[in-house]
Structure formats: C-alpha cells, structure tokens
Amino acid sequence: LLVSATLLCMGATSLLVGLVLPQVVLGPMLVPDAALATLLIGVSLLATLCQWRVLRLASAGGLTLLLLYTLLHNLMAQGVSESWVTGQPRMTSLTAAVLLVANVCLWRGVEGVARQRWWRAAGIGLLLFGGVVVLQLWRPQANQATLFTSSPLAVLVFIVLLGAAL
Numbered sequence: 505l506l507v508s509a510t511l512l513c514m515g516a517t518s519l520l521v522g523l524v525l526p527q528v529v530l531g532p533m534l535v536p537d538a539a540l541a542t543l544l545i546g547v548s549l550l551a552t553l554c555q556w557r558v559l560r561l562a563s564a565g566g567l568t569l570l571l572l573y574t575l576l577h578n579l580m581a582q583g584v585s586e587s588w589v590t591g592q593p594r595m596t597s598l599t600a601a602v603l604l605v606a607n608v609c610l611w612r613g614v615e616g617v618a619r620q621r622w623w624r625a626a627g628i629g630l631l632l633f634g635g636v637v638v639l640q641l642w643r644p645q646a647n648q649a650t651l652f653t654s655s656p657l658a659v660l661v662f663i664v665l666l667g668a669a670l
C-alpha cells in the first residue's frame, strides 16, 4: 500500500511539475511520459491490492498504450527524442521494455501460484535492473545520456520501489 501511494505521489507530482514548470532549475525528477507511467503503475498496484479488477485493467491498458507508443516513437525517431505531444524528452526504449514486463504482472493480477511466481520473477528482475542503474551512476555522465532521460536517482528509486512491490 505504501509503495503504491509513493508511486502515485511520485508520478502525479513529477507529471505536474514536468508539464506546468518544465524549465525548473533542476528539471523534473521524471520526464512527463515516465511520470505518467509511474502514476498508472501506482493506480494499478492500488487497484490490485483493493481487488478492483476494472481499474487495474484500465490502468494497465493505459500503461500498455503509453509504453508501445514510446517504443514506436523511439524506433521511428531512431533513439530518444522530443515527444510529439509535450515537446519534452521521452523515456528510453530500455525503460519502456523493462516496464512492459511489470505491466504483464499488472494485466494478469496476483490470483494463483503461477501468477505470483511471475510477480516475484519480475520483481527480482526489476531489482537487478536497479543494480544496473547503480552501476551506471558510477560511470561518467556521458554514458548516462543513452540510458536515462530522467534523473538516474529518480529512476533508481522508482525501479527499486516497483521491484519491491512486485
């Protein structure tokens, strides 16, 4: 419950700051599409906990559309570029692909042993990806540009929270 509330707040505030005040001195913690993904994941986790199937599926569906749009946009633009919608940077294809794995969990729910195993495997995978983020934080800044459009620390917090929740 705490993780879903944290992701809801993190997504909502990053989305609000990213869209209303895009030129803040330090910039937003997450780019707008990553903030929207965070918000949708928070809603879907809360819906999963409360057993609100329709809301869980609706938020997972919205997340699927956002992630597929991100992957398609990045493929057509040959890398991360400005969003066609907001004019701001987009999340990377690597992040979108990792979130697609988490999105499968949100689509399937937690009922049944096989689904619970999938959630655990996805959570462990996200925690391992968090380890990759930590390793990237120790490398020169030039290498981070290809992996992160958001703050690497924000990505790390988000991935570790989501991995723990799954």
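Just so you know, the sequence shown maps onto residues 505 to 670 in the numbering used here.
Idealized CB from N, CA, C, for every residue including glycine.
Note that the structure is a prediction, hence the values are computed from the model and not measured.
Check: Thinking C-beta only, is Met595 closer than 9 angstroms to Gly546?; Outcome: no
Check: What residue range is occupied by the uninterrupted alpha helix (DSSP H) comprising Met595?; Outcome: Counting along the chain, Met595 falls outside any alpha helix (DSSP H), and DSSP gives it neither H nor E.
Check: Which residues in the same chain have their Cβ closer than 8 angstroms to the Cβ of Gly613, if we skip the five residues on either side of it in sequence?; Outcome: Thr552, Arg557, Arg560 and Arg619
Check: Between Ala592 and the rest of its own chain, which residues show a CB-CB distance below 8 angstroms, the 5 nearest in sequence each way excluded?; Outcome: According to the sequence shown, residue 592 is Gln rather than Ala. Here the set comprises Gly522, Pro526, Val535, Pro536 and Glu586.
Check: Just to confirm the assignment, what range does the alpha helix (DSSP H) spanning Val638 have?; Outcome: Val617 to Leu641
Check: Does the beta-carbon distance from Leu549 to Ala626 come in below 9 angstroms?; Outcome: no
Check: Does the beta-carbon distance from Ser563 to Leu544 come in below 9 angstroms?; Outcome: yes
Check: Out of curiosity, what's the CA-to-CA distance linking Gly667 and Leu632?; Outcome: 9 angstroms
Check: Which whole-angstrom value is the C-beta distance of Ala516 and Leu603, which I expect to be below 8 angstroms?; Outcome: Not really, about 17 angstroms apart at Cβ, beyond 8 angstroms.
Check: Can you tell which of Leu511, Thr599 and Val608 has the C-alpha that lies nearest to the C-alpha of Gly634?; Outcome: Thr599
Check: Cα-Cα, which of Ser597, Gln582, Ala581 and Gln555 is closest to Leu570?; Outcome: Ser597
Check: Applying the 10 Å Cβ sphere with the 16-neighbour rule, what's the burial state of Pro532?; Outcome: Bear in mind that a pLDDT of 49 at Pro532, under 50, signals an unreliable position, so the number given afterwards is only what the model happens to contain. When all chains shown are included, Pro532 counts as buried.
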